[in-house]
Amino acid sequence: MMGTKLAQLLICFWITLPCCVTEKVKERTGRQRDAEFTDKYQTCMQGVPGVQGRDGNPGINGIPGTPGIPGRDGLKGEKGECECTFTKQRSDSALRVLFSGSLRLKCKTACCQRWYFTFNGAECTGPLPIESIIYLDQGSPELNSTINIHRTSTVEGLCDGIKAGLVDVGIWVGTCADYPRGDASTGWNSVSRMIIEELPK
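According to mature numbering (1 follows the signal peptide of the UniProt record, and there is no 0), the stretch in the sequence shown is residues -22 to -1, 1 to 179, in order.
Okay, here's the thing in C-alpha cells:
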C-alpha cells in the first residue's frame, strides 16, 4: 500500500517537473526573440556620408545706415612763414623767383586780390613788380559763393638791382587798385613752393 502511494507520488512528480522546465525554456526563448527584434529594427545604423552641399546665393544689401554726426572744426594752426632768406652772391646778378601753390578768392560782389613778391620788404622796381591777380565778379550775400575753386597757380618773375648779401624774399596778398578786398586763400590743401635762383648777367 505504501509502495503504491510512493509510486504514484513519483509519477506525479515526474509528470509535473518536465512541464515546469518546458515553460521556462519557452519563456527564455521569447525574451531572446524580443531582444533580437529590438537589435535588428530599432538600432540606428550610420550610413555612408552624403555629398557636401553647394554654397547658398549671396544675400541682398542691408538697409543704409543713418548719417553720422558732423565733426567739429579743428584748432587753428600757427601762422606760416611768408619769407625765405636767400644769400645773394653778386650785386650785378638778377634773382628769379617763383611761387607755386593753391590760390582762391571769394567775395559778396566784384572783388580783386593781388599776390606779389617783396625783397627786403619792398616790391621789385627793376624793372617791374612781380605779381599775379585774381578777379571775381560773382558771389552771394552770405560770402558763400558757389564759385569756390582752389587752383594751383604760379607767381614768377625776375628782379634786378638787389645788392649782394642776405635777401628776405616774401610772397604777400594785397588788393588791386580801385577794387574791394575779397576773401583770399593761399596754399589750401596742397604743397606750396617758393623757388629762388640767382642768374648772372
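Using N, Cα and C, we set each Cβ at its ideal position, and we do this for glycine too.
DSSP three-state assignment for residue 91, whether helix, strand or coil: Residue 91 sits at position 113 when you count from the first residue of the sequence shown. Residue state, collapsed to three classes: strand.
Alpha-carbon spacing of residue 43 relative to residue 115, whole angstroms: By one-based count along the sequence shown, residue 43 stands at place 65. By one-based count along the sequence shown, residue 115 stands at place 137. The straight-line gap from Cα to Cα measures roughly 41 Å.
Length of the line joining the Cα atoms of residue 99 and residue 61: Along the sequence shown, read from residue 1 onward, the residue named residue 99 stands at position 121. Along the sequence shown, read from residue 1 onward, the residue named residue 61 stands at position 83. Going by the C-alpha atoms only, they are around 10 Å apart.
Limits of the unbroken beta strand (DSSP E) element including residue 162: For the purposes of this step, residue 162 is taken as residue 184 along the sequence shown, with counting starting at 1. First-last of the beta strand (DSSP E) with residue 162: 161 to 164.
Extent of the continuous beta strand (DSSP E) to which residue 66 belongs: The count along the sequence shown starts at 1 and reaches residue 66 at position 88. Counting along the chain, residue 66 sits inside the beta strand (DSSP E) bounded by residues 61 to 66.
Exposed unless 16 or more other CB atoms sit within 10 angstroms - verdict on residue 162: Counting from one through the sequence shown, the residue named residue 162 turns up at place 184. Label assigned to residue 162: buried.
Endpoints, beta strand (DSSP E) assigned at residue 148: Taking the first residue of the sequence shown as 1, we reach residue 148 at position 170. Taken as a continuous stretch (DSSP letters only), the beta strand (DSSP E) holding residue 148 covers 143 to 153.
When 88, 135 and 158 are compared against residue 77, the one with the closest alpha-carbon: Residue mapping note: residue 77 aligns to position 99 of the sequence shown, counting from 1. The option with the nearest alpha carbon to residue 77 is 135.
Beta strand (DSSP E) segment containing residue 111, residue limits: Counting from 1 along the sequence shown, the entry for residue 111 is found at position 133. Per DSSP, residue 111 is one residue of the beta strand (DSSP E) stretching across 109 to 114.
Beta-carbon proximity of residue 94 to residue 152, cut-off 8 Å: As a first step, residue 94 is located in the sequence shown; it is residue number 116 there, counting from the start. As a first step, residue 152 is located in the sequence shown; it is residue number 174 there, counting from the start. The answer is yes: Cβ separation under 8 Å.
Extent of the continuous beta strand (DSSP E) run through residue 189: Past the edges of the chain, shown from -22 to 179, lies residue 189, and the structure says nothing about it.
Residue 141 versus residue 70: straight-line alpha-carbon distance, rounded: Looking up residue 141 in the sequence shown gives position 163. Looking up residue 70 in the sequence shown gives position 92. If I take the Cα positions, the gap works out to 8 Å.
Residue 88 versus residue 68 - alpha carbon distance: Locating residue 88 in the sequence shown gives position 110, counting from the first residue. Locating residue 68 in the sequence shown gives position 90, counting from the first residue. Looking at the two C-alpha atoms, the distance is approximately 44 Å.
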